[in-house]
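Student:
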Amino acid sequence: MGGNSAERDVSLSSGAGIIQGLRAAGHEAIGIDSALGPGQLSAQKRAEVSGIKPQPPSARELSLMTAETAIQTVSSPDVREVDLVFIALHGGMGENGTIQAVLDILGIPYTGSGVLASSLAMDKHIAKKIFIASGVPTPEYIVLATSEIRDEQSLIKQIRETVGFPVVVKPNDQGSSVGLDISFEPETLFQIVQRAAEYSDLLLFEKFIPGRELTVAVLDDQPLPVVEMRPHDGFYDYRHKYTAGMTDYLCPAPLTEEQTRRIQVLGLAAFKALKCEGYARVDFRMSPEDKFFCLEVNTLPGMTATSLVPKAAKAMGIEFPQLLEKIALSALKRSGKVS
-5 MGGNSAERDV SLSSGAGIIQ GLRAAGHEAI GIDSALGPGQ LSAQKRAEVS GIKPQPPSAR
55 ELSLMTAETA IQTVSSPDVR EVDLVFIALH GGMGENGTIQ AVLDILGIPY TGSGVLASSL
115 AMDKHIAKKI FIASGVPTPE YIVLATSEIR DEQSLIKQIR ETVGFPVVVK PNDQGSSVGL
175 DISFEPETLF QIVQRAAEYS DLLLFEKFIP GRELTVAVLD DQPLPVVEMR PHDGFYDYRH
235 KYTAGMTDYL CPAPLTEEQT RRIQVLGLAA FKALKCEGYA RVDFRMSPED KFFCLEVNTL
295 PGMTATSLVP KAAKAMGIEF PQLLEKIALS ALKRSGKVS
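Here this note's numbering is used: position 41 in the sequence shown is 35, and no number is missing along the way.
1) With a threshold of 7 angstroms on Cβ separation, who are the neighbours of I153 within its own chain once the five nearest residues in sequence on each side are excluded?
2) First and last residue of the beta strand (DSSP E) that includes A211?
3) Under a three-way DSSP split, which group does I176 fall into?
4) To the nearest angstrom, report how far apart G108 and E271 are at their CA atoms.
5) Quick one: what's R275 bridged to in DSSP?
6) Within its chain, find whatever has a CB closer than 7 angstroms to the CB of L97; leave out the 5 residues flanking it on each side and keep chain order.
7) In angstroms with no decimal places, state the Cα-to-Cα distance between G9 and M297.
8) Output needed for A82: all residues of its chain with C-beta closer than 6 angstroms, excluding positions within five of it in sequence on either side, in chain order.
9) If we ignore side chains and look at the alpha-carbon of each, how far apart do T156 and D227 end up?
10) Which same chain residues end up closer than 7 angstroms to G330 when comparing Cβ atoms and leaving out the 5 residues on each side of it in sequence?
11) Between A211 and F125, how many whole angstroms is the CB-CB distance? I'm expecting something under 8 angstroms.
12) Please report the distance separating the alpha-carbon of D145 from that of Q188.
13) Here's a check: name, in chain order, each residue in its chain whose Cβ is nearer than 6 angstroms to the Cβ of D242, leaving out the five neighbours to either side.
14) With distances taken from CA atoms, which of K164, G129, M116 is nearest I136?
15) Counting along the chain, where does the alpha helix (DSSP H) carrying P165 start and finish?
16) Using DSSP's beta-bridge definition, name the partner residues of Q216.
17) For F314, collect the residues of the same chain with a Cβ closer than 6 angstroms to its Cβ; drop the 5 residues on either side in sequence, then sort them by chain order.
18) Exposed or buried, P48, counting other C-beta atoms within 10 Å across all chains shown (16 or more means buried)?
19) Use the C-beta contact count for D285: other C-beta atoms within 10 angstroms, 16 or more gives buried, fewer gives exposed.
20) Taking all protein chains shown into account, decide if S141 is buried (16 or more other Cβ within 10 angstroms of its Cβ) or exposed.
21) Determine the contact status of R279 and I186, defining contact as a CB-CB distance below 8 angstroms.
22) Using only alpha-carbon positions, find the residue among T250, K122, G106 that is nearest to L323.
23) Helix, strand or coil for P131, going by three-state DSSP, please let me know.
24) Would you mind stating whether N90 and S70 have Cβ atoms separated by less than 8 angstroms?
25) I'd like to confirm the pairing. Which residues does DSSP put opposite E200 in its beta bridges?
26) Please name the residue in C288, V130, G88, Q94 whose C-alpha comes closest to that of D167.
27) Excluding the five sequence neighbours on either side, which residues of its own chain have a C-beta within less than 7 angstroms of the C-beta of A139, listed in chain order?
28) Leaving aside the five residues before and after E75 along the sequence, list all residues of the same chain whose C-beta is less than 8 angstroms from its C-beta, in chain order.
29) Closest to M310 by CA distance: which of Q216, K327, S281 is it?
30) Here's the rule: buried if 16 or more other CB atoms are within 10 angstroms of the residue's CB, otherwise exposed. What is Q258?
31) Starting from the Cα of R275, find the closest Cα among E283, E222, D175, S281 and give me that residue.
32) To which residues of the same chain is T293 closer than 7 angstroms at the C-beta, ignoring the five residues directly before and after it?
33) Please state if the CB of E207 and the CB of G85 are separated by a distance shorter than 8 angstroms.
What follows is the structure, given as C-alpha cells:
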C-alpha cells in the first residue's frame, strides 16, 4: 500500500480498508507502505488513514519516495514470511507489473493480475490497441509525446484534424483520473496539456463521448452488476471520485436487460483481452446512441469507502470482508497454495 505513484493517497485509504475488512473476516492482516523502506510493519499506523486529499500528491512529494525503496520493501524478510500479499497499490510500480515481477521471482502469492496484464492495462495506448484488435469499441484517439508538442496553435490544428473537440486529455500511464481533464474549447487545451504533462511524458488525446459513465467489475471471469456514476457537476474526475457526497452511484445501473448484457459481455471481453486475472474493473461511456465505449481496465481498482467494486459486489449480496476473502482465495488457488 502507499507507494510512490500519484495515487498514493488512494492506495493508503484502500490499504486501510482492506486491513480492516480482512481482520473483520478473522484473518491476520498487516500493512506495509512500500515507500517507507523495509523493516516497518506499521499496520496500526497505516490503518488510521483518515481519507484522501481532494488533489493527488505533487511531483515534489512523490520524488521523496524512490523506486529502490519500494522494491527493497517488497523483497524484505517481513514480506517473505506472509502467506499472501493483498496488493493495495494503485498506479506506478504497484500496478504496472514491477511489484508483481518481484513477487513472482520471490515465489510470493499476490492478488490481482500478473506482470503481463498489469503492464498492458497501465499503458492506455497499448490497451486501446488491444481493445480494437479484440473488437471492443473504444473512443478514437491519438497519442503524443510531450516533446512532440511544439506550440499551442499547431496542437489545436492537429486535434481539430483528428479527434476533434471536445477532447479528453490523459497521461498515458496514470489511473484514478490523475491529470485527466476535458478541453471543450481550443483555448483551454494548452493549459490542460501542461498540467497532464506533469504526470507523464506521453499524453493520450481521446474523442469525448457524451452520455453516461458506467463501470463493470469482473471477479473470477464473472461480471458483477453494473455501476453508474453521476457526478453532481462537471465530470467524474479525481475530486468527484474521492470526495464523499460529490457523486451519486446507482447499482445496479438503470439499464435494460439487453443493455446490461451487452456492457457485461464487453467488460469481460476487455478483461480477457488484456489477460487479466482475479478481479478488475472496466470503465465505459454510454453514448446517447446507446453505444458502449471502453475507456480502460483497472487491474487494481480502489477499495475505499467510495470504491466501485465493493458497491457492485454488495449488490450481489457479497459484503466487503467476504469480497476480500474471495479475491484472496482466488489468488492462492492460482498460485497452487490451495486447491
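Idealized CB from N, CA, C, for every residue including glycine. Note that the coordinates shown come from a computational prediction; the quantities given were computed from them, not determined experimentally.
Tutor: On the basis of the coordinates in this document:
1) Same-chain partners within the cutoff: F159, V161, L183, F199.
2) 206 to 213
3) strand
4) 7 angstroms
5) A211, N292
6) Only V68, V79, Y104 meet the Cβ criterion.
7) 8 angstroms
8) M(-5), S5, S8, G9, I12
9) The C-alpha of D227 is placed about 28 angstroms away from the C-alpha of T156.
10) none
11) No, A211 and F125 are not in contact; Cβ-Cβ is about 18 angstroms, not under 8 angstroms.
12) Distance between D145 and Q188, taken at the CA atoms: about 11 angstroms.
13) R224
14) K164
15) No alpha helix (DSSP H) holds P165; the beta strand (DSSP E) holding it covers 161 to 165.
16) L213
17) G15, P304
18) With a pLDDT of only 46 at P48, under the threshold of 50, the placement of this residue in the model should not be trusted; the figure read from the coordinates follows. So P48 counts as exposed.
19) Just to set this straight, residue 285 is Lys in the shown sequence, not Asp. Label assigned to K285: exposed.
20) exposed
21) no
22) G106
23) coil
24) no
25) Y135, V162
26) Among C288, V130, G88, Q94, the Cα nearest to that of D167 is on G88.
27) D195, L196
28) There are no such residues.
29) Q216
30) buried
31) E222
32) So the list reads E89, G106, S107, A111, S112, A115, C270, A274, once near-sequence residues are dropped.
33) no
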